[in-house]
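Presented below is the structure to which this report refers.
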Amino acid sequence: MATTALATETVYFKGSMGFIANPLGTMVDFSLLVDSDKHTVTGNVTITDGATKESYSGRVSGTTYPAGYGDIVRLINITGSIPGSNPLTPIQFPFEANMALKADWDGKGGFTFLGKHHDDVEVQGSIFKLD
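Letter 22 of the sequence shown, counting from 1, is numbered 48 in the working numbering, and no numbers are missing.
Following this line, the structure appears as structure tokens:
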């Protein structure tokens with residue numbers, strides 16, 4: 027009886043999303059482990075508010091699925107509760123981001139944080155295969 031080993035693809039995806047040309051825009055830097063076979067995403071984000079220059083960091087998790095819409099080959103959705111920047115106040119802020127990525131892992135996305143929604147922003151990233 028023959029057995030077939032299935033190849034898995036887990037990649038480390040590091041990059042940023044936001045209005046890169048706007049110094050007052052909110053930027054999101056991310057480091058994510060993407061497991062395409064299990065459709066899971068886990069990692070960390072750092073969100074920098076361009077107006078106040080405050081940074082917020084926290085853990086996120088989400089899902090990834092293949093796409094076949096034009097040059098978009100994968101979709102990623104991540105969510106998390108990001109701690110406030112004041113260590114004396116234990117407030118958690120909801121964060122959600124969506125990315126539509128091309129084969130080179132660049133694309134477009136959107137995110138919501140601190141009650142503000144940023145849509146149609148650039149996503150730039152690079153990957154490192156772990157398998």
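C-beta: ideal position from N, C-alpha, C; glycine also.
- Within the same chain, Asn70 and Gly106 come within 7 angstroms of Arg85 by CB-CB distance, once the 5 residues on both sides are set aside.
- Pro109 has its alpha-carbon roughly 7 angstroms from the corresponding atom of Pro116.
- The residue from Tyr82, His143 and Pro113 with its alpha-carbon nearest to that of Phe45 is His143.
- Fewer than three Cβ pairs drawn from the stretch 73 to 80 and the stretch 91 to 102 lie within less than 8 angstroms of each other, which leaves the two stretches out of contact.
- For Thr78, there is no enclosing beta strand (DSSP E), as DSSP marks it with neither H nor E.
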